[in-house]
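First to last, the sequence lines map onto chains A and B.
Read left to right, the first sequence gives residues 18 to 120 (the numbering used here).
Read left to right, the second sequence gives residues 14 to 181 (the numbering used here).
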Amino acid sequence: MTIGLEHYLILSAVLFCIGLYGALVKHNAIVILMCIEIMINSANIAAVAFAQFITPVEITGQVLVIFTVAVAAAEAAVGMAIIFAIYHNHKSINVNKIDLMKW
Amino acid sequence: MGQEISFWVLAAVTVCAAIGVITIRNVFRAAMLLVACFVAIAGLYILLKTDFLAAIQILIYVGAISILLVLGIMLTHEITHASSSNKFQIPALLTVAVSLAGIIYAVVTTNWQISNVSDALPIDIATTSTLANRIFGENGFILPLQVIPILLLATVISAIVLVTVKRK
């Protein structure tokens with residue numbers, strides 16, 4: 018059984034769902050950031066698999082992954098800065114206790 | 014044959030590490046498992062014949078983002094028992110299971126237009142020059158590439174402002 022596009026897509030879907038579950042249920046803001054990174058990586062796997070199996074000549078998917086990685090790095094940096102600011106103010110990064118914008 | 018074995022090993026490592034990230038209560042160990050997950054994904058990129066993306070994956074995810082996350086874990090003191098879950102575990106599990114089933118159904122039933130050029134592509138050449146020609150050549154991605162530095166500059170400035178502005 019050769020490894021085809023479906024294998025990579027299903028792996029990507031499984032990774033995305035693991036990350037989604039973690040992002041939905043976790044208390045710790047840093048763990049939520051990690052889960053978001055897992056989800057971004059799963060999307061990257063899908064993009065690279067599409068690029069290699071469907072458009073191997075015009076490798077637009079690989080270019081997309083380069084931009085996604087840059088945006089993910091920016092997202093991680095700003096996310097950590099926000100978490101540090103919240104920790105500075107509240108002494109906690111439990112997202113259930115961060116309710117300053119809750120009505 | 015070797016390709017199949019490599020794929021299954023790398024996929025197993027990736028999925029197990031990702032499950033470990035969301036199940037292990039120690040946040041630092043979760044971060045280490047996240048590093049393992051990223052390295053296995055770099056292996057998958059190599060398997061897909063995209064060596065430049067594998068290098069990017071190692072450099073940026075394993076080298077930079079993981080270090081940033083570990084730094085964050087070190088600077089906040091909730092390490093050992095902080096990775097707990099809230100009361101929405103069952104609804105979240107249901108949502109995730111339904112979406113996973115939907116995605117897998119869509120993937121399996123769609124008739125993908127697999128290009129047969131990929132087998133004819135030479136494996137021994139590096140993809141870096143191909144990728145560079147695609148980005149910088151005719152009908153390339155020069156404008157998006159110039160927007161990215163602006164985004165990174167805005168990120169640096171906003172991160173500095175967020176962590177240094179004095180609060181009462």
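A virtual CB, placed ideally from N, CA and C, is assigned to each residue, including glycine.
Model, not experiment: these values are computed from the prediction.
query	result
DSSP three-state assignment for Asn58(A), whether helix, strand or coil	helix
Nearest neighbour of Val48(A), chosen from Gly36(A), Leu22(A) and Ser59(A) [CA to CA]	Gly36(A)
Span separating the alpha-carbon of Leu156(B) from that of Lys108(A)	42 Å
Closest Cα partner of Ala119(B) within the set Phe84(A), Ile83(A), Ile20(A) and Ala30(A)	Ala30(A)
Supposed close pair Ala98(A), Ala172(B) - CB separation, criterion 8 Å	4 Å
Cα-Cα separation between Gly153(B) and Val109(B), rounded to whole angstroms	37 Å
CA nearest to the CA of Ser97(B), picked from Phe101(A), Asn106(A), Glu92(A) and Asn111(A)	Asn111(A)
Beta-carbon gap between Phe84(A) and Ile18(B) smaller than 9 Å	no
Contact set between Asn99(B) and chain A, taken where Cβ atoms lie within less than 7 Å	Val42, His44 and Asn113
Chain A contact for Ala68(B) (CB, 9 Å cutoff)	no
Touch test, the stretch 77–90 of chain B against the stretch 40–48 of chain B, Cβ-Cβ under 8 Å, three pairs minimum	yes
Proximal residues of chain A, C-beta to C-beta of Ser171(B) below 8 Å	Val95 and Ala98
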